[in-house]
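Trainee: Throughout, the numbering used here is defined as the position within the sequence shown, counted from one, plus 1.
Using N, Cα and C, we set each Cβ at its ideal position, and we do this for glycine too.
Mind looking over this structure? Questions follow.
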Amino acid sequence: MPKVALSESEVTWVKLIDQTKCIGCHACSVACKSENSVPIGVNRTYVKAVDVGVFPQVRRNFQVTRCNQCLNPPCVAICPTGAMYQRSDGIVDFDKANCIGCKACMAACPYDAIFINPDDHTAEKCNFCAHRIDVGLEPACVSVCPTEAILIGNLKNPTDKVSAIIHREPVKVRRGEKSTRPKLFYKGAHEATLDPLAASRPEGDVFMWSQMNQDPHLINSGHDFGDHTNHSVEAKLAYDVSHSVPWGVRVSAYTWTKGIATGTTMGLGLAILANKIPSGSNGSVFLAPLVALFALAITGLLLIADLKRPERFIFLFTKARFESWLVKGGILLGLDGALTLAWLLQGELASSTVLRGVIGGLLFVVSAMTATYTAFLFAQARARDLWQSPLRLPHLLVQCLLVGFGVLALVDGKVGEGFLLRTGAALVVLHLLLVLGETTMAHPTSHAKAAVWNMTRGKFRRPFWIGMTLTALGIFAPLGGVSLMVIAAIGILGYEHAYIQAGQSVPLA
2 MPKVALSESE VTWVKLIDQT KCIGCHACSV ACKSENSVPI GVNRTYVKAV
52 DVGVFPQVRR NFQVTRCNQC LNPPCVAICP TGAMYQRSDG IVDFDKANCI
102 GCKACMAACP YDAIFINPDD HTAEKCNFCA HRIDVGLEPA CVSVCPTEAI
152 LIGNLKNPTD KVSAIIHREP VKVRRGEKST RPKLFYKGAH EATLDPLAAS
202 RPEGDVFMWS QMNQDPHLIN SGHDFGDHTN HSVEAKLAYD VSHSVPWGVR
252 VSAYTWTKGI ATGTTMGLGL AILANKIPSG SNGSVFLAPL VALFALAITG
302 LLLIADLKRP ERFIFLFTKA RFESWLVKGG ILLGLDGALT LAWLLQGELA
352 SSTVLRGVIG GLLFVVSAMT ATYTAFLFAQ ARARDLWQSP LRLPHLLVQC
402 LLVGFGVLAL VDGKVGEGFL LRTGAALVVL HLLLVLGETT MAHPTSHAKA
452 AVWNMTRGKF RRPFWIGMTL TALGIFAPLG GVSLMVIAAI GILGYEHAYI
502 QAGQSVPLA
């Protein structure tokens, strides 16, 4: 620690962990829990252990795991309320008073360093013991380490001991390809510990002194994704900590209900433009917007219910950070609902064809943006490699139209027997082709490949194949009628659930 007080602008704090000195004593984990009152079951820092080799040629390797204090932190970019923020000295800190528990930071962190505190239901992580730094003390883990394996320093000071090691000796960072510019550097760390897919999981259910957590909502490190291992030597987990899956079934359902809302209005607009539905107030023109409004309401309720602090959902608007696509998405959902209501009321209370056309045109554009903004939100969740696919945006548009055409076919069977069912069958073909592309393309990372394996052959294969089978039936909708189109729309829910959950099923730490 520098003896002279420095302003934050003169400091960029970094941490160096010398794994050649680490003895795996877990003193840093205990000190962190004590200093920060971390509840049982969650960790700001922990020591991962991996056994590399085959007896008698075997060695236990340790890795001290925690927040990487990125220079370009994705958790800050995606946070909708500024609860995650970066100080001018480089420390990524959090403000629990602003956190709504949306778990977007967890989805974005490539290091699985963020958790939801089970006591107050807000996001938390290692913050470099900022409260100690501010009064000139070292973080608790640094002070307690018996071998001086954990060091901190000022990256802006070229004479600093840690800065000199980082710039002159071989050091590594985790997930450097994510462009987060982590400020946690490892010296002498074995690649089998740094790479969460390098080591295999124990065949039983125990680590060296603890039981492996078998909760299906928790992710353990290591690989069990067929042949998608990243290491050529024998490496087996000896001790690890499980991590929570941030977004569950509510988020899977939200993409589907949002598809109903936006796809119904877009499909109705296309049908009117094609002169397949009269623009006057009839069954389709009146009922379809009502269905869309109802689906939008369900979408909003699902999003609020998924918050760990749902009573704070208003913070999305009162403390909004417009860099986050959660905020932009909330605005689009509200605008889409307002335009849908205006289009419906204008048709019932007025007779201006021009005004109706203007509102309808705006509604179509906003609905298309609302249908596809999730692609940008998932792209901000930089930790999840499967979600970074460039096919995601067009695929969401196709899915929403497909679901919307299924709703329209159900609302107006007469129209559904013709234009809607033929167009819906074409959308089914496009959907199947896009799924084929997303599952068979050469993915650039092993994490994406492992997620695809888990989706098509692993723990989420059932919802995936059931959803795909139901959707494929929509090809025969022009021959089989409205019911097949509705079944195809329902099948999209199975695919979306498998896709979203498989993207989160690959360990990151």
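1) Looking at the secondary structure, which residues open and close the beta strand (DSSP E) in which I18 lies?
2) By alpha-carbon positions, which one of G177, E149, P171 and L185 ends up nearest to L156?
3) Can you tell me the Cα-Cα spacing of T181 and L411, whole angstroms?
4) Whole beta strand (DSSP E) runs in the segment 134-198 with 3 or more residues, listed along the chain?
5) Could you tell me the distance, in whole angstroms, from the CA atom of T424 to the CA atom of L471?
6) Expressed to the nearest angstrom, what Euclidean distance is found between the alpha-carbon atoms of V399 and Y496?
7) Can you check which of these residues, V31, G54 and T341, is closest to N44 by C-alpha distance?
8) Report the option in P508, T354, Q70 and V234 whose CA atom is closest to the CA atom of I153.
9) Could I get the ranges of all uninterrupted alpha helix (DSSP H) runs contained in the segment 73-119, with 4 residues as the minimum, in chain order?
10) Roughly how far, in whole angstroms, is the beta-carbon of G260 from the beta-carbon of V163, given that I think they are within contact range, below 8 Å?
11) What are the residues that DSSP puts in a beta bridge with Y240?
12) Tell me the rounded alpha-carbon separation between F365 and T266.
13) Let me confirm a value: M486 is counted as buried when at least 16 other C-beta atoms fall within 10 Å, else exposed. Which label applies?
14) First and last residue of the beta strand (DSSP E) that includes Q502?
15) Give a yes or no on whether the C-beta atoms belonging to C91 and W14 are separated by under 9 Å.
16) In whole angstroms, what separates the C-alpha of D386 from that of Q505?
17) Per DSSP, what are the beta-bridge partners of L219 in this structure?
18) Between which two residues does the beta strand (DSSP E) carrying Q58 extend?
19) Please report the distance separating the alpha-carbon of C513 from that of A376.
20) Can you confirm whether the segment 353-364 touches the segment 116-136 when touching is taken to mean that 3 or more C-beta pairs between the two stretches lie within less than 8 Å?
21) Only counting the same chain, and skipping five residues up and downstream in sequence, which positions put a Cβ closer than 6 Å to that of H244?
22) Please identify the residue among G249, F461, L302 and F420 whose C-alpha is closest to the C-alpha of L274.
23) Out of curiosity, what's the CA-to-CA distance linking I151 and D19?
24) Where does Q70 sit, in a helix, a strand or coil, going by DSSP?
25) Just reading off the alpha helix (DSSP H) that P508 is part of, what are its end residues?
26) At the level of alpha carbons, what is the spacing between H191 and V174?
27) Thinking V317 and I101 are a contact (beta carbons under 8 Å), I'd like their distance in whole angstroms, please.
28) So, using beta-carbon positions, are K49 and L238 closer together than 9 Å?
29) Tell me which residues share the same chain as E439 and place their Cβ nearer than 6 Å to its Cβ, disregarding the 5 neighbours each side in the sequence.
Mentor: With the structure as the only source:
1) W14 to D19
2) L185
3) 47 Å
4) 151-155 and 185-188
5) 17 Å
6) 13 Å
7) Closest by C-alpha distance to N44, out of V31, G54 and T341, is V31.
8) Q70
9) 75-79 and 105-109
10) 50 Å between Cβ atoms; not a contact.
11) A50
12) 7 Å
13) buried
14) Run containing Q502: none in the beta strand (DSSP E); it sits in the alpha helix (DSSP H), V483 to G504.
15) Looking at the sequence itself, residue 91 is Gly, so the reference to Cys does not match. Taking 9 Å as the Cβ cut-off, G91 and W14 qualify as a contacting pair.
16) 9 Å
17) Answer is S245, bridged to L219.
18) Boundaries of the beta strand (DSSP E) harbouring Q58: Q58 to T66, taken from the DSSP string.
19) This structure gives no information on residue 513, because the portion of the chain shown stretches from 2 to 510.
20) Remark: fewer than three beta-carbon pairs, one from each stretch, lie closer than 8 Å, so the segment 116-136 and the segment 353-364 are not flagged as touching.
21) D113 and I220
22) F420
23) 6 Å
24) coil
25) Note, P508: premise wrong, no alpha helix (DSSP H); not H, not E.
26) 11 Å
27) It should be noted that the sequence gives Leu, not Val, for residue 317. About 7 Å separates the two Cβ atoms, so the contact holds.
28) Going by C-beta atoms, K49 is nearer than 9 Å to L238.
29) For E439, the CB contacts under 6 Å within the same chain, skipping 5 residues up- and downstream, are S390 and L392 in chain order.
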